[in-house]
Amino acid sequence: MMEMVNRPYAAAFEAYATQHPEVLCLSADLTSSCEIDGFRDRHPDQFLSLGMAEQNMLSFAGGLGLAGFRPFLHSFGVFLYRRPYDQLMASIAYPRRRVRLMGFLPGVTTPGGMTHQAIEDISVMRTIPNMTVLEAGDATEVESIVAEADTVDGPVYCRILRGAVPRLFD
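The sequence shown begins at 8 in this note's numbering and counts up by one.
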């Protein structure tokens, strides 16, 4: 029987961020949907809610990266590259900021329709200068993606699975 792991990202992010005070958790009004609500409640000094303003969040994160912080941005994948494309390029990618974009609901996994479905995210993000793209395939990879993303010297886009995620690999 396949093991299902409930909310593996939430546990992995909290475990990592609490050991690294320079890691900041940013949300654009999707805190619960991106499974970081518990982190917000337990670690308010490392959490910033920027409202439904992804463009502002990306520019702000670029500034945080310049100041030596390591911001992890949390939103649905499509809201991290489609609408804030100019801010992504100018504030994060070209200056090679250590900003981590954690994109939830990759592909056609959301019932929200085309406005919420990140189906071209990999192709778009791979064309962006200095960008690294990571995708988690199971709970084990979701659990390791935070630490792996943070080893990259530059921006990283991660496709994140949420909810109950199967463990396929050791």
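Ideal Cβ positions, reconstructed from N, Cα and C, are used throughout, including at glycine.
These numbers were taken from a predicted model, which means no experiment stands behind them.
| Should S130 be labelled buried (16 or more other beta-carbon atoms within 10 Å of its own) or exposed? | exposed
| query | Name the DSSP beta bridge partners of S82, please? | reply | G110
| Is DSSP giving N13 helix, strand or coil here? | When DSSP states are grouped into helix, strand and coil, N13 belongs to the strand group.
| Which of helix, strand or coil DSSP assigns to E142 | strand
| Counting Cβ pairs closer than 8 Å, one from the region 156-166 and one from the region 102-114, do we hit at least three? | yes
| query | Just to confirm, does A60 get its C-beta within under 7 Å of one of the non-hydrogen atoms of the ligand COA? | reply | Among the ligands in the structure shown, none appear at all, so the ligand COA cannot be discussed.
| message | Quick check: the Cα distance between A125 and L80, rounded to an integer number of angstroms? | response | In this structure, the straight-line span from the alpha carbon of A125 to that of L80 is close to 16 Å.
| message | Please confirm whether V140 has its beta-carbon closer than 8 Å to some beta-carbon of chain D. | response | The structure shown contains no chain D; it is built from a single protein chain.
| message | Nearest by alpha-carbon distance to F83: which of A156, L55 and L168 is it? | response | L168
| task | Measure how close the beta-carbons of Q94 and L65 come, nearest whole angstrom, since I'm counting them as under 8 Å. | result | 4 Å
| DSSP three-state call for F176: helix, strand or coil? | coil
| Where DSSP assigns a beta bridge to A171, which residues make up the other side? | N13.
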